[in-house]
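The structure under discussion appears below in the form of structure tokens.
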Amino acid sequence: MPRVHQAIPASRPTGAGALPWSETIMSGTQREWHDTVAARISGYLARRRELEADDRYHLLTPIDGPTNHRVRSRGRDLVMLGSYSYLGLIGHPRIDAAAAAAVAEWGTGAGGVRLLTGHTTLHERLEARLARFAGREDAVLYSSGYVTNVAVLSALAGPGDLVLMDKLDHASIVDGALLCGARWRTWRHGDLGHLERLLREARGKYGAVLVVADSVFSMDGDLLDLPCSAALCREHGARLVVDEAHSIGAVGHAGHGIEEHFGMEGAIDVKIGTLSKAIPSVGGYVAGDAGLVGYLRHYSRPFIFSAALPPPQAAAALEALDVIEAEPWRVRRAHENAERLRRGLQAQGWDTGGSTTCVIPVLVGDDAKAFDLARELFARGLFVCPIGHPAVPKGQARLRLTVMATHTAEELDFALEAIGEAGAALGLLRREAAGA
Ligand SMILES: Cc1ncc(COP(=O)(O)O)c(C=O)c1O
Numbered sequence: 088m089p090r091v092h093q094a095i096p097a098s099r100p101t102g103a104g105a106l107p108w109s110e111t112i113m114s115g116t117q118r119e120w121h122d123t124v125a126a127r128i129s130g131y132l133a134r135r136r137e138l139e140a141d142d143r144y145h146l147l148t149p150i151d152g153p154t155n156h157r158v159r160s161r162g163r164d165l166v167m168l169g170s171y172s173y174l175g176l177i178g179h180p181r182i183d184a185a186a187a188a189a190v191a192e193w194g195t196g197a198g199g200v201r202l203l204t205g206h207t208t209l210h211e212r213l214e215a216r217l218a219r220f221a222g223r224e225d226a227v228l229y230s231s232g233y234v235t236n237v238a239v240l241s242a243l244a245g246p247g248d249l250v251l252m253d254k255l256d257h258a259s260i261v262d263g264a265l266l267c268g269a270r271w272r273t274w275r276h277g278d279l280g281h282l283e284r285l286l287r288e289a290r291g292k293y294g295a296v297l298v299v300a301d302s303v304f305s306m307d308g309d310l311l312d313l314p315c316s317a318a319l320c321r322e323h324g325a326r327l328v329v330d331e332a333h334s335i336g337a338v339g340h341a342g343h344g345i346e347e348h349f350g351m352e353g354a355i356d357v358k359i360g361t362l363s364k365a366i367p368s369v370g371g372y373v374a375g376d377a378g379l380v381g382y383l384r385h386y387s388r389p390f391i392f393s394a395a396l397p398p399p400q401a402a403a404a405l406e407a408l409d410v411i412e413a414e415p416w417r418v419r420r421a422h423e424n425a426e427r428l429r430r431g432l433q434a435q436g437w438d439t440g441g442s443t444t445c446v447i448p449v450l451v452g453d454d455a456k457a458f459d460l461a462r463e464l465f466a467r468g469l470f471v472c473p474i475g476h477p478a479v480p481k482g483q484a485r486l487r488l489t490v491m492a493t494h495t496a497e498e499l500d501f502a503l504e505a506i507g508e509a510g511a512a513l514g515l516l517r518r519e520a521a522g523a
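In the numbering used here, the protein residues as written are 88 to 523.
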């Protein structure tokens, strides 16, 4: 028998406090660390067989065609309640046309890294447009949101510095913190009193102090307390780095993100975002003052050593920013739809945690319940994502529902009926509440 360690292998840096390891092999299973590659693979195969035997394997479900509020999967027409495409922009005719025109004009790849041969005027236009959208002097592109977080942390922090993270920060922030070699610590999710204590303890002990958080926490749908975190950073001389992956396009009355939501333009020092969620493309960016952005272009390794964003994806993102501003109904409708679904779920008796955004968790407890609920909902015509340990803490498995601007009221009511019925059938809800 191979030796099996706890979730985090001993050879990894230990820092302080348990990290929110999101390196799920199959959500719902504690990651086991075996001594040999063969043992690791057989551990995975055994767990996969077990889940499949119980009809609880819900990963890699193939979708046929574009992902919007409805999708086709395994020959069925389903209401999609798990996509990050909050504004329903995948397949938008203007955005598709812009991408197609870019293929005709630029081809499909940039052919190199930005600093050398991969830098085009299209990239320059997109960076200027992102800067304007984010309300900053300049912006720099990377090939994904994940890479952006790793790039920023490893360029801005190193040995002798401190990175402070919310316990529920995204895995890419955690990975950036580990890679950069700085000391790191986590504060309890949403507990800014704890952050304040960590900042006080850090005074005078480190070079740079970075406070890094998601704007919308991706598994819970709650918002960072920007007023309080920005004030703490000012008071303690720390830099505030915010990952707007789930807020760009989706939060704020016009979709400009968390600063717009709180009316606090300029509060964030380093604004990170992705082009893969409300914006229907791929890539990531950092927006900030010209000095910061210029520095990142010359000192962040993923910018220097990885190929430029392909022109069609850059063109799609550029057009999408115009569409978001030209079609403000999308942001409004996304917010209304989220409110409608959240209220309906709460009326049925589900716990939706602290969600106030388009991400709505439906907390069910243990992993098996979340997998069973997802299976029942697929059978009833819904595509949903069950999330288990270690992506979320043990005992807090959930469906992570996401709402889109393009969902109709009928689709949301259909979803509520299905969720109520399935919850009652599995004994997760009282029958009379399910019909509320
Ligand atoms: C908060 C957060 N940051 C970064 C990322 C990574 O973004 P991308 O998928 O564009 O690499 C995600 C992805 O889900 C995320 O939720």
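Quick reminder that beta carbons are idealized off the backbone N, C-alpha and C, glycines included.
Quick caveat, the model's predicted, so the values are computed rather than measured.
Residue i: first and last residue of the uninterrupted alpha helix (DSSP H) it sits in
i	result
Ile359	Note, Ile359: premise wrong, no alpha helix (DSSP H); beta strand (DSSP E) at 357–361.
Trp271	Taken as a continuous stretch (DSSP letters only), Trp271 belongs to no alpha helix (DSSP H), being part of the beta strand (DSSP E) at 270–274.
Leu187	Leu is not the amino acid found at residue 187; the sequence shown has Ala there. It spans 180–193 - the alpha helix (DSSP H) in which Ala187 sits, taken as one unbroken run.
Thr208	208–221
Beta strand (DSSP E) segment containing residue i, residue limits
i	result
Asp307	Careful: Asp307 lies outside any beta strand (DSSP E) and carries neither H nor E.
Asp330	326–330
Ile150	Counting along the chain, Ile150 falls outside any beta strand (DSSP E), and DSSP gives it neither H nor E.
Arg159	157–160
Ile506	That residue, Ile506, is in no beta strand (DSSP E); its alpha helix (DSSP H) goes 496–512.
Ala374	371–375
Thr529	The structure shown does not extend to residue 529, since the chain spans only 88 to 523, so no value can be given for it.
Ala484	484–489
Given residue i as reference, the closest of the options once Cα atoms are compared
i	options	result
Pro515	Phe501, Phe458, Ala478, Val471	The residue asked about is misnamed: residue 515 is Leu in this sequence, not Pro. The shortest Cα separation from Leu515 among Phe501, Phe458, Ala478, Val471 belongs to Phe458.
Thr493	Gly452, Pro415, Pro448, Gln435	Pro415
Glu426	Ala197, Glu283, Ala496	Ala496
Phe470	Pro480, Ala484, Gly482, Leu503	Leu503
Leu513	Arg321, Asp453, Glu423	Asp453
Asp253	Arg419, Gly277, Ile391, Ser363	Gly277
Val451	Val124, Glu423, Lys481	Lys481
Asp141	Val446, Lys456, Leu499	Lys456
Val449	Tyr233, Asn424, Gln483, Val418	Gln483
Ser442	Ser368, Gly308, Ala341, Leu213	Gly308
His340	Pro389, Glu423, Gly245, Pro149	Glu423
Ala186	Glu498, Pro180, Ala402, Ile150	Ala402
Arg287	Ile128, Thr207, Gly324	Gly324
Leu432	Arg420, Ala191, Leu499	Leu499
Thr235	Pro389, Val124, Thr148	Pro389
Arg219	Arg420, Thr439, Leu408	Leu408
Residues near residue i by beta carbon distance below 6 Å, same chain, minus five either side
i	result
Ala289	Leu249, Val296
Tyr293	Asp248, Leu249
Thr116	Since pLDDT at Thr116 reaches only 44, below the 50 mark, its modelled position is unreliable, and no value is offered.
Val227	Val373, Val380, Leu383, Arg384
Ser334	Ser302, Val303, Gly344, Ile345
Ser114	Caution is warranted here: a pLDDT of 40 is assigned to Ser114, below 50, making its placement in the model unreliable, and the coordinate value is therefore given only provisionally. Closer than 6 Å at Cβ, skipping near neighbours: Ile474, Gly475, Ala478.
Ser393	Ser230
Val328	Leu297, Val299, Val357
Arg159	Asp151, Gly152
heavy atom of ligand 1 below 6 Å from residue i C-beta
i	result
His179	no
Asp253	no
His257	yes
Tyr233	yes
Ser393	no
Ala332	yes
Asp301	yes
Thr361	yes
Ser305	yes
Sequence-distant residues of its chain with Cβ nearer than 8 Å to residue i (five each side left out)
i	result
Thr154	Met167, Ser170, Ser172, Ile177
Gly468	Arg163, Asp164, Leu165, Val166, Phe501, Ala505
Arg517	Gly436, Ala511
Val418	Leu174, Gly336, Ala337, Gly339, His340, Ala341, Gly342, Ile411, Ala492
Val239	Gly263, Val328, Val357, Ile359, Val373, Leu383, Ser387
Pro246	Gly268, Ala269
Gly104	With a pLDDT of 42 at Gly104, under the threshold of 50, the modelled position of that residue is not reliable, and the figure given next carries that caveat. Same-chain partners within the cutoff: Lys254, Arg272, Thr273.
Rounded Cβ spacing between residue i and residue j (contact assumed at less than 8 Å)
i	j	result
Ala300	Asp256	6 Å
Leu428	Leu488	7 Å
Ala377	Glu211	Incorrect: roughly 14 Å between the Cβ atoms, too far for contact.
Trp193	Leu209	6 Å
Leu285	Leu251	6 Å
Ser305	Val490	Actually they do not touch by this definition, with Cβ atoms about 14 Å apart.
Pro367	Ile182	6 Å
Leu279	Leu217	That pair is no contact at about 29 Å.
Residues near residue i by beta carbon distance below 7 Å, same chain, minus five either side
i	result
His281	Trp274, Arg275
Ala509	Leu460, Glu463, Leu464, Arg467
Thr204	Gly198
Val369	Ser231, Leu362, Ser363, Gln400
Met351	Leu313, Pro314, Ala317
Heavy atom of ligand 3 within 6 Å of residue i beta-carbon
i	result
Tyr382	This structure does not include ligand 3; its bound ligands are ligand 1.
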